[in-house]
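Asker:
Residue numbers (the working numbering): 13 to 149.
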């Protein structure tokens, strides 16, 4: 599951060269830089879509949190980052990981970030994909 995180981070970093993009598993600085957007990619949920005795289609819901510091131009920064993130991830098929192919990512929804008192606001986007996992039985 987590092996998909670096691909998503790389894809977003390429689409948003002026943003700071990190994965949840990374030991990275998560402070929102001035006049830039911070994106944090995180595995959010793994529902089983279909299952039988030999395999399961396991979904992977990914969240992309986009955060900016409040101030002049912050809304434009977030709006541009939202658009670029959507363009980069919606209907994109990641490369296979350890021989396991992944379905196309699809945008599902977005929610405002929980309120914070540190001058930061943003939005969390949610995307879904799935892969077939085969049992060894």
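All C-beta atoms in this analysis are idealised placements derived from N, C-alpha and C, irrespective of residue type, glycine included.
Since this is a predicted model, take the numbers as computed values, not measurements.
1) Under the assumption that residue 125 contacts residue 136 (Cβ atoms under 8 Å), give the Cβ distance between them as a whole number of angstroms.
2) Find out if the Cβ-Cβ distance for the pair residue 145, residue 68 is shorter than 8 Å.
3) Pick helix, strand or coil for residue 119, following the three-state DSSP scheme.
4) In three-state terms, what does DSSP make of residue 109?
5) Note down, one range per segment and in chain order, each beta strand (DSSP E) of at least 3 residues found wholly within the segment 48-83.
6) If you reduce the DSSP assignment to three classes, tell me which class residue 140 lands in.
7) Would you kindly work out how many angstroms separate the C-alpha atoms of residue 85 and residue 27, rounded to a whole number?
8) Identify, in the order they occur along the chain, each residue of the same chain with its Cβ nearer than 6 Å to the Cβ of residue 33, setting aside the five sequence neighbours on each side.
9) Kindly indicate which three-state DSSP category residue 23 falls into: helix, strand or coil?
10) Enumerate in chain order the residues of its own chain whose CB-to-CB distance from residue 37 is below 7 Å, with the five nearest sequence positions on each side excluded.
11) Helix, strand or coil: which one does DSSP assign to residue 32?
12) Does residue 45 come out as helix, strand or coil in the three-state DSSP assignment?
13) Do residue 48 and residue 31 have their CB atoms nearer than 8 Å?
Answerer: Checking against the coordinates, here is how it stands:
1) Taking the chain shown and counting its residues from 1, the one referred to as residue 125 is at position 113. Taking the chain shown and counting its residues from 1, the one referred to as residue 136 is at position 124. Their Cβ separation, rounded to whole angstroms, is 6 Å, which keeps residue 125 and residue 136 in contact under 8 Å.
2) Taking the first residue of the chain shown as 1, we reach residue 145 at position 133. Taking the first residue of the chain shown as 1, we reach residue 68 at position 56. Yes, these two residues count as a Cβ contact at 8 Å.
3) As a first step, residue 119 is located in the chain shown; it is residue number 107 there, counting from the start. Strand.
4) Here residue 109 refers to the residue found at position 97 of the chain shown. Correct three-state label for residue 109: strand.
5) If only complete runs of 3 or more residues are kept, the segment 48-83 shows the beta strand (DSSP E) at 50-57, 60-63, 67-81, in order along the chain.
6) Translated into the one-based positions of the chain shown, residue 140 becomes position 128. Residue 140: strand per DSSP, three-state reduction.
7) Working through the chain shown from its first residue, we reach residue 85 at position 73. Working through the chain shown from its first residue, we reach residue 27 at position 15. Each residue's CA atom was taken as its position, placing residue 85 and residue 27 some 20 Å apart.
8) Taking the first residue of the chain shown as 1, we reach residue 33 at position 21. If the five residues before and after residue 33 are omitted, its C-beta is found closer than 6 Å to the C-beta atoms of 21, 24, 25, 51, all from its own chain and listed in chain order.
9) Walking along the chain shown from the start, residue 23 turns up at place 11. Three-state DSSP puts residue 23 in a helix.
10) Walking along the chain shown from the start, residue 37 turns up at place 25. In its chain, beyond the 5 residues on either side, 14, 17 have a beta carbon closer than 7 Å to the beta carbon of residue 37.
11) Numbered from 1 along the chain shown, position 20 holds the residue referred to as residue 32. For residue 32, the three-state secondary structure derived from DSSP is strand.
12) Taking the chain shown and counting its residues from 1, the one referred to as residue 45 is at position 33. In the structure shown, residue 45 sits in coil (DSSP, three-state: anything other than H, G, I, E or B).
13) The sequence position of residue 48 within the chain shown is 36, counting from 1. The sequence position of residue 31 within the chain shown is 19, counting from 1. Taking 8 Å as the Cβ cut-off, residue 48 and residue 31 qualify as a contacting pair.
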